[in-house]
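The opening residue of the sequence shown carries number -11 in our numbering; numbering runs sequentially from there.
A virtual CB, placed ideally from N, CA and C, is assigned to each residue, including glycine.
Note that the structure is predicted; figures quoted are calculated from it, not measured.
Everything on this sheet refers to the single structure shown next.
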Amino acid sequence: MPEPTSTNRLKTQRRGFAVFTAAALIILLALAAIIFFMSSRGIKVLSWEFITQPPKKGMTEGGVFPAIVGTFLLGLGAMLSALPIGVLAAVYLTEFSRPGRFVSLVRIGVNTLAGMPSIVFGLFGFAFFVKALGLGVSVLSGALTLGAMSLPIIISVSEEALKTVPMTFREASLSLGATRWRTTLKVVLPNAVGGIITGAILAMGRAVGETAPIIFTAATFYTRRLPASPFDEVMALPFHIYGLVTEGLYPEKQLPIAFGSALILMIIVLSLSGFGIFWRYKIRKRRVW
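Right, here's the structure in full:
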């Protein structure tokens, strides 16, 4: 006698839930494995001196303080350069644009930028910011290159944040005589700011972990000093790790430093992601819709 249809559906549902649960567990296990692997090797060299001192004796001793500072400067510069453009583009696409060829072209451009390999952004930054604009290999060139790479993320996240604002908010403001621009500025953006900031923080987290875009535009392999201006080259943790592993002349001494640098970079990225999620949670909790 065949089983009832409801029983078959229940079994299919359970199998589906099992597949989804297994996929989530694989992701968690992969993250845990990476964290354990990097922590077990990087913790051996991690110390206050390692964090606060410059490198010494040809990168075989000392710390990574210039690389930490350079990483933060590049990430902050990328966010400051990309955030205004990204938010304005998202506001236009969400609040003011009408369906048409131009809007379709803009969305195609955003999607194309999102799928572009990071090394392409590096070559673009070298050709345009370093050479054409004459900014040289500097913090400014690297930040602008990382900002260009972060634009698709900020635009997409900002669009989603703007779309979460109920349409009734806009209708109520417009019915009271406010213009579309004032409604966007005074009603829509304040209610979407949490999601926008979260997207900016997540984009910054991705930017600080990139190596290819800064190889030609900002990073130097070795320096003991901090940048004195935006036009100075700078050390950065991703390139520092790459250089130690691929070009280090004393691997027995430099490989542990590379793992320690990778652990610091991982902590920075996870902290930025965690702060972004926490910020979004606090903003949502304060909203009363």
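Three-state class that DSSP yields for residue i in the structure shown
i, result
"K45", "coil"
"V222", "strand"
"G4", "helix"
"G65", "helix"
"A10", "helix"
"V276", "The predicted position of V276 is uncertain, since its pLDDT is 45 and thus under 50; a value taken from the coordinates is nonetheless stated next. In the structure shown, V276 sits in coil (DSSP, three-state: anything other than H, G, I, E or B)."
"G262", "helix"
"A207", "strand"
"G124", "coil"
"G248", "helix"
"G51", "coil"
"L17", "helix"
"S(-6)", "helix"
"S70", "A small fix is needed here, since residue 70 is Ala in this sequence, not Ser. A70: helix per DSSP, three-state reduction."
Cα-Cα separation, residue i to residue j
i, j, result
"L(-2)", "F8", "15 Å"
"I245", "I23", "17 Å"
"E83", "L214", "43 Å"
"F90", "E147", "17 Å"
"N(-4)", "A21", "37 Å"
"I291", "L150", "Past the boundaries of the shown model lies residue 291; the chain is included only from -11 to 277, so the question cannot be answered."
"R170", "T156", "15 Å"
"I80", "P218", "Residue 80 is actually Tyr in this sequence, not Ile. Going from the Cα of Y80 to the Cα of P218 covers about 31 Å."
"L64", "I73", "15 Å"
"A120", "R158", "44 Å"
"G4", "A18", "21 Å"
"I202", "G130", "5 Å"
"R168", "V75", "17 Å"
"I14", "V145", "26 Å"
"I256", "W36", "16 Å"
"A160", "S85", "20 Å"
"G88", "Y230", "45 Å"
"V276", "T152", "Bear in mind that a pLDDT of 45 at V276, under 50, signals an unreliable position, so the number given afterwards is only what the model happens to contain. Their backbone Cα atoms lie some 13 Å apart in a straight line."
"I189", "S(-6)", "46 Å"
"L62", "L128", "8 Å"
"K174", "S261", "28 Å"
"A136", "M192", "12 Å"
Extent of the continuous alpha helix (DSSP H) run through residue i
i, result
"T133", "127 to 151"
"I31", "Taken as a continuous stretch (DSSP letters only), I31 belongs to no alpha helix (DSSP H), as it is neither H nor E."
"M192", "177 to 196"
"V98", "89 to 102"
"G110", "106 to 113"
"P201", "200 to 203"
"E37", "36 to 40"
"E159", "155 to 163"
"T171", "168 to 171"
7 Å Cβ cutoff met for residue i and residue j
i, j, result
"F112", "L132", "no"
"M26", "M254", "yes"
"I185", "A77", "no"
"D220", "S126", "yes"
"F114", "F204", "yes"
"G110", "A200", "yes"
"L101", "P42", "no"
"G248", "G58", "no"
"A55", "H228", "yes"
"L251", "A195", "no"
"Y210", "T48", "no"
"L232", "Q242", "yes"
"S138", "E198", "no"
Closer than 6 Å: residue i CB and nearest the ligand SAM heavy atom
i, result
"L93", "In the structure on display, the ligand SAM does not appear, and there are no ligands present to speak of."
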